[in-house]
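**Q** Here you go, one structure.
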Amino acid sequence: MSSSTQGLFPDLDLGNTFGALFIGAILAAVLFGITNVQAFIYFQTHRGTAMTSYKFLVIWLWMLDALHLALITHCVYYYLVTNYANISVLTEIVWSFKLHIVMCVIIVYGVHIMYACRIWILTKHRSRALPVIVGIIVILTSGVAIALIWAIYQCHVFSDLIETAWATYIPLGTFAFDDFIIASSLCYILATSCTGFSNMDSFLIWLMVYIINTGLLTNVTSMVAIITFAVMPSNLIFIGVEFLIAGLYINSYLALLNAGYYLQPNDSDTVNISEFRAHQPSMQSTELEAENPARNPR
């Protein structure tokens with residue numbers, strides 16, 4: 002056994018090293034299955050409508066998730082099948098692992114930018130200060146992605162990756178920070194968009210809870226990856242957790258697009274979140290556009 006292998010895996014416990022990657026790949030596949038369901042729901046509830054930018058966006062997110070899962074699958078297959086019992090290869094970082102990090106960064110910051118655009122649209126008749134601040138924060142924190150990708154491609158064995166601790170802490174920390182800013186901004190916009198009509202106000206409250214829960218899920222996953230790396234730096238459990246982040250971000254955004262379908266009663270019109278507009282509250286009411294794409298095609 003080489004010295005690098007002994008340093009990273011002194012007892013070669015496959016359970017908390019490549020076993021963790023295997024479990025992470027399985028859970029990532031489950032998340033991809035949920036992505037398929039959410040994409041299907043979106044197109045079903047928008048059947049009969051024109052091919053909008055949101056439909057292209059859903060297709061694009063689906064393709065990114067599929068490619069991300071393919072890279073993870075190749076990575077796990079490389080270690081557990083192609084190089085089965087080849088101890089000298091286990092510490093080497095395969096190309097698909099590095100590329101999966103790039104895909105994860107593209108997905109996470111891409112979703113953050115889409116959320117920032119959503120905030121911009123929701124504040125169409127309001128002050129633009131909030132969306133501008135959120136956009137600046139997202140752009141500035143995306144600079145971390147460049148440093149992360151550079152650091153990953155400087156690593157050739159897992160021990161190098163573990164020694165470059167900042168490449169794990171800082172990106173995951175910025176993911177969590179952006180999640181908090183975006184969720185808080187969306188909830189603030191919805192909270193100040195009350196219409197005076199009980200049905201719509203009730204929907205807005207449920208939508209705020211929905212946004213908090215989906216944002217909390219991605220936030221908690223990032224924090225779990227940070228904690229597992231800090232507590233157990235000598236194994237690969239934190240990487241298994243990181244395998245889930247991209248799929249969770251994609252599903253959180255698709256869940257927002259499908260929120261009207263999930264939250265509205267079956268006998269009422271579905272609020273189309275992708276076309277949702279919140280206007281400045283007035284003495285009378287706040288205008289909210291709502292439609293049922295499945296029954297009222299444009």
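In my numbering, the protein residues as written are 2 to 299. No residue lacks a Cβ here, since even glycine has one placed at the ideal position from N, Cα and C. These numbers come from a predicted model, not from an experiment.
Where are the alpha helix (DSSP H) runs, 4 residues long or more, that stay fully inside the region 79-130, in chain order?
**A** 96-123
**Q** Pop quiz: residue 150 and residue 103 are said to be a contact at Cβ under 8 Å. What is the actual Cβ separation, rounded to whole angstroms?
**A** The C-beta separation of residue 150 from residue 103 comes to about 6 Å, placing the pair in contact by the 8 Å criterion.
**Q** Do you know offhand how far residue 28's Cα is from residue 245's?
**A** Their backbone Cα atoms lie some 7 Å apart in a straight line.
**Q** If the criterion is Cβ atoms closer than 9 Å, does the pair residue 40 and residue 24 meet it?
**A** no
**Q** Once you ignore the five residues that flank residue 15 on each side, which residues in its own chain have a CB closer than 7 Å to its CB?
**A** none
**Q** Just curious, the alpha helix (DSSP H) that residue 179 is in, first and last residue?
**A** Residue 179 -> alpha helix (DSSP H) spans 167-192.
**Q** Using a Cβ-Cβ cut-off of 9 Å, state whether residue 64 counts as contacting chain D.
**A** The structure shown has no chain D; it contains just one protein chain.
**Q** Is the CB-CB distance between residue 89 and residue 110 below 9 Å?
**A** no
**Q** Got a sec, what are the start and stop residues for the alpha helix (DSSP H) residue 31 sits in?
**A** 19-46
**Q** What separation, rounded to the nearest whole angstrom, lies between the Cα atoms of residue 163 and residue 180?
**A** 25 Å
**Q** For the putative contact between residue 33 and residue 248, defined by C-beta atoms under 8 Å, what is the C-beta separation to the nearest angstrom?
**A** 6 Å
**Q** By the 10 Å Cβ neighbour count, where 16 or more other Cβ atoms means buried, how is residue 115 classified, buried or exposed?
**A** buried
**Q** Rounded to whole angstroms, what's the CA-CA distance from residue 92 to residue 221? Just pull it up for me.
**A** 28 Å
**Q** Please work out which residues of its chain come closer than 6 Å, Cβ to Cβ, to residue 17, disregarding the five sequence neighbours upstream and downstream, and give them in chain order.
**A** 236 and 238
**Q** For residue 158, which beta-bridge partners are listed by DSSP?
**A** Secondary-structure assignment with DSSP links residue 158 through a beta bridge to 93.
**Q** Rounded to a whole number of angstroms, what is the C-alpha to C-alpha distance between residue 21 and residue 81?
**A** In a straight line, the C-alpha of residue 21 is about 12 Å away from that of residue 81.
**Q** Using CA coordinates, which residue listed in 140, 30 and 121 is at the minimum distance from residue 176?
**A** 140
**Q** Would you kindly work out how many angstroms separate the C-alpha atoms of residue 271 and residue 76, rounded to a whole number?
**A** Below a pLDDT of 50, predicted positions are generally treated as unreliable, and residue 271, at 46, falls in that range; the measurement from the model is reported next regardless. If I take the Cα positions, the gap works out to 41 Å.
**Q** Between the beta-carbon of residue 62 and the beta-carbon of residue 26, is there less than 9 Å?
**A** no
**Q** Pop quiz: residue 146 and residue 106 are said to be a contact at Cβ under 8 Å. What is the actual Cβ separation, rounded to whole angstroms?
**A** 4 Å
**Q** Does the count of Cβ pairs from the region 126-133 and the region 156-174 closer than 8 Å reach three?
**A** no
**Q** Using DSSP with H/G/I as helix, E/B as strand and the rest coil, what is residue 14?
**A** coil
**Q** Taking the alpha-carbon of residue 31 as reference, which of 251, 94 and 95 has the nearest alpha-carbon?
**A** 251
**Q** What three-state label does DSSP hand residue 74 in the structure shown?
**A** Helix at residue 74.
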